[in-house]
Amino acid sequence: MRTPTLELDRLFAVAAKEWRQLRRDVRSLLLAFGVPLQLLLLFGYAISWDVRDIPTAVFDQDHSEASRALVDAFRSAGYFHVVRQISTHTDVNRALAGGRVSAVLVIPVRFAAALQSGRPAPLQLLLDGSDANTATVALGYANAIVASWSPGARIAVAASGVQPETRVWYNEDLESRKVLVPGLVAMIMMMIGSLLTSLTIAREWERGSMEQLAATPIRPREIVLGKLLPYLGVGMADVAFTVALGAVLFHVPFRGNPLTLVLGSLLFLIGMCGVGISISARAKSQRLAVQLSMLLTYLPGMILSGATFDISTMPRVLQLVSWAVPARYYVIMLRGILLKGVGLADLWLPMLAQIVFAGFALSLALTSFHKELA
Amino acid sequence: MPPRPWRRLGEMIRKEFRQLRRDRRVVAVMFISPLLQLLIYGYAVTTDVRNVRTIILDRDATPASRAVADALTASGYFHLTGYARETGDLVRALDRGSALLAIDIPRGFARALADGAAAPLQVLVDGTSANTATIASGYVALIASHAADQWGRRQAFAAPAVAFDPRVWYNPGLEARIWYVPGTAGMIIVNLCLILTALAVVREREEGTLEQLLVTPIRPLEIVVGKVVPVACVVMLDVLMVTVVGATLFHVPVRGSLLAFGLSSLLFVIAGLAAGVLLSTVTETQQQASMSMALVMMPINMLSGFMFPITSMPQVVQWITLLNPLRYEIDVLRGVFLRGVGFEVLWPQFLVLAVMGTVLLVIAGRRFQRTL
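As you go down the protein sequences, you meet chains A and B in turn.
Numbering of the first sequence is given in my numbering, commencing with residue 1 and proceeding in unit increments.
Numbering of the second sequence is given in my numbering, commencing with residue 1001 and proceeding in unit increments.
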């Protein structure tokens, strides 16, 4: 008599058991949806890369009409928030060192006089470089403000020169939250996949229920696949939840094909859960499993996937390394589908990468787990 | 009679250390994980905008338009992937992601410049990386205007009106990494304290060994202290390791007082441990504990000013950040490492950290006794 390599009855029995266990742990399940909600709110409302209202101090030694006009130009641009006036050099040091302000605009004596006589008028800006990102952006804004400012006209319109007409595609109003939502979906998938799944088999080992499972005729691969199914369900529900929430709260567009999204997400999730289960089966302790899954999937995934940081600004070596991070392909795919509205014709490479990743992780999971008791 | 409470506590701490030592893989991960975080943040996380992949369509093909294109590529901010022949090339490059920026110099660009009219220049930006897009398009505007200005000045000499001299203090090279090293130390403290403490307590509860401990003469408070001391040792060692590796590898300056750094880390570790115990009292299983940790860690990290400037957040969120202990630790780290200040400037932050640690300790202790 030929025994099939996989018995679906047994597989579904494990899946049903796992699902019941998951459902009984209402709090874990709630957290599986609470985390995406919280991340969306956090990234959507609280934080952004945009730099506004840089706390600025003004040290105006000139006290002229021109110097006041310049300060007004800085103030009205919206990027610099003038919080105080400074009158001595020691105050300049103190303000920057204490971290109260991030920029000090120093207008020397004879600023107006120099302007009138046609000589270049000296002007200094001191920036706190301890936050390099803010300082870089502030520097750019300051250069732009000074370049477009002319002492005569209050509203600076240079008649000559270049008039760049900038058009932003895919994210017309340059809102970072629209870009972050696709990245968030990937981050949430990593969390569900690695964190939640990595505990399942380790837990059975720790509690000793693995011995009970080992006594049944069930095969390892049936256990692995059975444990995979409920988490796949939770993960897919999370994708739908996050995308829908992003659309409702932040008007994140959905320009591509939903079917591509489902397929890509499913593949990525299979891969992630596969990695989680392999970790779980090898670690056999929940404490180690959590740490390992954070180390191997979540951390590189969050940074090297392009979800939060731009990969093109990283060193060449890391850019090459990032191609080995599965989440990177998933982020490309999500942005393509949601924001750019491109289809498989442009996304075949990330899709192929997902297939390879899912296949690899699944086989890793299937071979990692043995029923033998140590 | 020997001082009994100290002996009981000593035994408890020894038991915890022994348990920790037995699982060598956990200990290995505890040291590898911060190191990896440090390397990733140090090397990968730069928000500097450089080498933005750019494609140019020069319809004008005049010396003036070429001067602008050359100025853009020579600036170092843009990496020219190629010249386009038609609009379709630009669209395809952006769609495929092979370029983030497409510059379209229309016909009549040079003539408009010569006439003193505004010379049009079209810039298409891939907004899917909003940060890079904002900064890069700002640079295009600046560099193109400047280049055209220089080009025009060859005919009629004119000096710029303002000699602008911006200077960056504390970090003249504007390198992001010299900040990320001390910042990572702060983040590692909170993450490790939370998860290690919570799991250490929840595991005993889950396995039922907590009840066995309770029938011994040891007091609940002694159990908690015994559990957190080994974690504190590991975390402080991690901080030391991250600082030494960061200072040597990334040339992070240590300008202020190391004593202030050590003291603030200690205060912060205590607050983190107390928060971990608190987390363990509201969770029943290790799975719940690790999911809750994910829920708590994100806002703590994101609303600390480590990566995202607090001044850019909405006012309400700025008030919320006042409750975040990591915010004060980040302030201290920035001050000590980069600005070279000490207690004389940072005493309010120390005060807040001490108060927060005490409050958390009291709440955690009370809740822990009640959940037994």
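Yeah, the Cβ is synthetic: ideal placement off N, Cα and C, and Gly gets one too.
### Query
Using 7 angstroms as the limit for Cβ to Cβ distance, is Y1077/B near chain A?
Mapped onto the second sequence, residue 1077/B falls at position 77. With 7 angstroms as the cut-off, Y1077/B does not count as an interface residue toward chain A.
### Query
Sorted by chain position, which residues of the same chain lie with C-beta nearer than 8 angstroms to D1058/B's C-beta, five sequence neighbours on each side aside?
Locating residue 1058/B in the second sequence gives position 58, where the first residue counts as 1. Correct list, in chain order: S1065, R1066, A1069, Y1083 and I1105.
### Task
Pull up the CB-CB distance for T1081/B and A1099/B, whole angstroms please, since I reckon it's below 8 angstroms.
Counting from 1 along the second sequence, the entry for residue 1081/B is found at position 81. Counting from 1 along the second sequence, the entry for residue 1099/B is found at position 99. About 5 angstroms; that satisfies the 8 angstroms criterion.
### Span of the alpha helix (DSSP H), counted from its first residue to its last, around T1087/B
Numbered from its first residue, the second sequence carries residue 1087/B at position 87. First-last of the alpha helix (DSSP H) with T1087/B: T1087 to R1096.
### Message
Tell me the rounded alpha-carbon separation between M1012/B and R1367/B.
### Response
The residue given as residue 1012/B occupies position 12 in the second sequence. The residue given as residue 1367/B occupies position 367 in the second sequence. In this structure, the CA atom of M1012/B is about 20 angstroms from the CA atom of R1367/B.
### Message
For A153/A, which residues in the same chain have their Cβ closer than 8 angstroms to its Cβ, ignoring the five residues on either side in sequence?
### Response
Along the first sequence, one-based indexing puts residue 153/A at 153. With a pLDDT of 41 at A153/A, under the threshold of 50, the modelled position of that residue is not reliable, and no figure is offered here.
### Query
How long is the line joining the alpha carbons of T1209/B and R203/A, rounded to whole angstroms?
For this step, residue 1209/B is matched to residue 209 along the second sequence. For this step, residue 203/A is matched to residue 203 along the first sequence. Cα to Cα, the separation comes out at about 16 angstroms.
#### Entry: Candidates G1262/B, R1024/B and L1036/B, of which the one nearest L299/A by Cα
For the purposes of this step, residue 299/A is taken as the residue at position 299 of the first sequence. When each option's Cα is compared against that of L299/A, the closest is L1036/B.
### Span of the beta strand (DSSP E) around P55/A
Taking the first sequence and counting its residues from 1, the one referred to as residue 55/A is at position 55. Per DSSP, P55/A belongs to the beta strand (DSSP E) from I54 to D60.
### Interface flag, T1281/B vs chain A, CB-CB below 7 angstroms
Taking the second sequence and counting its residues from 1, the one referred to as residue 1281/B is at position 281. So, not an interface residue.
### Query
Just the Cα atoms here: how many angstroms apart are S265/A and H81/A?
To locate residue 265/A, count along the first sequence from 1; it is residue 265. To locate residue 81/A, count along the first sequence from 1; it is residue 81. Taking the straight line joining both Cα atoms gives about 43 angstroms.
### Contact between the segment 286 to 294 of chain A and the segment 354 to 367 of chain A (3+ Cβ pairs under 8 angstroms)
The segment 286 to 294 of chain A makes no contact with the segment 354 to 367 of chain A, as fewer than three CB pairs between them are under 8 angstroms.
### Query
Buried or exposed: where does L349/A fall if 16 or more other Cβ atoms within 10 Å of its Cβ makes it buried?
Locating residue 349/A in the first sequence gives position 349, where the first residue counts as 1. Classification for L349/A: exposed.
### Task
Using DSSP bridges, identify the partner residues of F1078/B.
Here the question's residue 1078/B lines up with position 78 in the second sequence. According to DSSP, F1078/B bridges with V1052/B.
### Query
Applying the criterion that 16 or more other CB atoms from any shown protein chain within 10 Å of the CB defines a buried residue, is E65/A buried or exposed?
As a first step, residue 65/A is located in the first sequence; it is residue number 65 there, counting from the start. Around the C-beta of E65/A, fewer than 16 other C-beta atoms lie within 10 Å, and the residue is accordingly described as exposed.
### Task
Confirm, please, whether the CB-CB distance from I303/A to I1040/B is below 7 angstroms.
Residue 1040/B sits at position 40 when you count from the first residue of the second sequence. Residue 303/A sits at position 303 when you count from the first residue of the first sequence. Yes, the pair counts as a contact, with Cβ atoms nearer than the cut-off.
### Query
Where are the beta strand (DSSP E) runs, 3 residues long or more, that stay fully inside the segment 5 to 57 of chain A, in chain order?
Runs found: none.
### Task
Tell me the start and end of each unbroken beta strand (DSSP E) in the segment 211 to 281 of chain A that is at least 3 residues and wholly inside, in chain order.
Correct list: empty.
### Task
Measure the CB-CB distance between T1197/B and V1269/B and report whether it falls below 7 angstroms.
If you number the second sequence from 1, residue 1197/B lands on position 197. If you number the second sequence from 1, residue 1269/B lands on position 269. Cβ distance not < 7 angstroms, so T1197/B and V1269/B don't count as in contact.
### Query
Quick one: what's V1277/B bridged to in DSSP?
Numbered from 1 along the second sequence, position 277 holds the residue referred to as residue 1277/B. As DSSP reads the structure, V1277/B sits in no beta bridge.
### Query
Between the segment 1130 to 1144 of chain B and chain A, which residues of the former have a C-beta closer than 8 angstroms to a C-beta of the latter?
Listed by position along the chain: A1130, N1131, T1132, A1133, T1134, I1135, S1137, G1138, Y1139, V1140, A1141, L1142 and A1144.
### Segment contact flag, the segment 182 to 193 of chain A with the segment 304 to 313 of chain A, C-beta cutoff 8 angstroms, min 3 pairs
They touch, by the three-pair rule.
### Query
With 7 angstroms set as the bound, which would you pick, yes or no: does the beta-carbon of Y1328/B sit closer than that to a beta-carbon of chain A?
Taking the second sequence and counting its residues from 1, the one referred to as residue 1328/B is at position 328. Using a CB distance cut-off of 7 angstroms, Y1328/B does not count as an interface residue toward chain A.
### Task
Check distances from the C-beta atoms of the segment 1004 to 1033 of chain B to those of chain A and list, in chain order, the residues that come in under 9 angstroms.
Under the 9 angstroms Cβ criterion, the segment 1004 to 1033 of chain B contributes D1023, R1025, V1026, V1029, M1030, I1032 and S1033.
### Query
Any residues in the segment 39 to 60 of chain A with a beta carbon nearer than 9 angstroms to a beta carbon of chain B? Which ones, in chain order?
Going along the segment 39 to 60 of chain A in chain order, one finds L39, L42, F43, Y45, A46, I47, S48, W49, D50, V51, R52, D53, I54 and P55 with a Cβ nearer than 9 angstroms to chain B.
### Task
Return no unless some Cβ of chain B is closer than 7 angstroms to the Cβ of D238/A.
Within the first sequence, numbered from 1, the residue matching residue 238/A stands at position 238. By this cut-off, D238/A is not an interface position.
### Separation of S1312/B from H89/A, as counted between CA atoms
For the purposes of this step, residue 89/A is taken as the residue at position 89 of the first sequence. For the purposes of this step, residue 1312/B is taken as the residue at position 312 of the second sequence. Going by the C-alpha atoms only, they are around 28 angstroms apart.
### Task
Run through the segment 1224 to 1293 of chain B for me and flag every whole alpha helix (DSSP H) of 4 or more residues, listed as ranges in chain order.
DSSP runs (the alpha helix (DSSP H)) wholly in the segment 1224 to 1293 of chain B: 1258 to 1281.
### Message
Counting only beta-carbon separations shorter than 7 angstroms, does S1312/B have a partner in chain A?
### Response
Here residue 1312/B corresponds to residue number 312 of the second sequence, with the count starting at 1. Interface with chain A (7 angstroms Cβ-Cβ cutoff): S1312/B is included.
### Task
May I have the straight-line CA-CA distance separating I201/A from G1097/B, to the nearest angstrom?
The count along the first sequence starts at 1 and reaches residue 201/A at position 201. The count along the second sequence starts at 1 and reaches residue 1097/B at position 97. Taking the Cα positions, I201/A is about 40 angstroms away from G1097/B.
### Query
Where do the N-terminal and C-terminal ends of the beta strand (DSSP E) with A103/A fall, by residue?
As a first step, residue 103/A must be located in the first sequence, where it is residue number 103. Counting along the chain, the beta strand (DSSP E) containing A103/A begins and ends at A103 to I107.
### Query
Under 7 angstroms Cβ-Cβ, which residues of chain A neighbour Q1037/B?
In the second sequence, residue 1037/B corresponds to position 37, counting from 1. Within 7 angstroms Cβ-Cβ: L299.
### Task
Give the secondary structure of A1118/B by DSSP, where H, G and I count as helix, E and B as strand, and everything else as coil.
To locate residue 1118/B, count along the second sequence from 1; it is residue 118. For A1118/B, the secondary structure class from DSSP, reduced to helix, strand or coil, is coil.
### Message
I need the DSSP call for W1169/B, collapsed to helix, strand or coil.
### Response
Working through the second sequence from its first residue, we reach residue 1169/B at position 169. Looking at W1169/B - three-state DSSP - the assignment turns out to be strand.
### Task
Going by CA-CA distance only, name the one from D60/A, G78/A, D91/A and G129/A that's closest to R110/A.
Taking the first sequence and counting its residues from 1, one reaches residue 110/A at position 110. Nearest option by C-alpha distance: D60/A.
### Query
Quick one: what's got a C-beta closer than 6 angstroms to L1303/B's C-beta in the same chain, skipping five residues either side?
As a first step, residue 1303/B must be located in the second sequence, where it is residue number 303. So the qualifying residues of the chain are T1321 and N1324.
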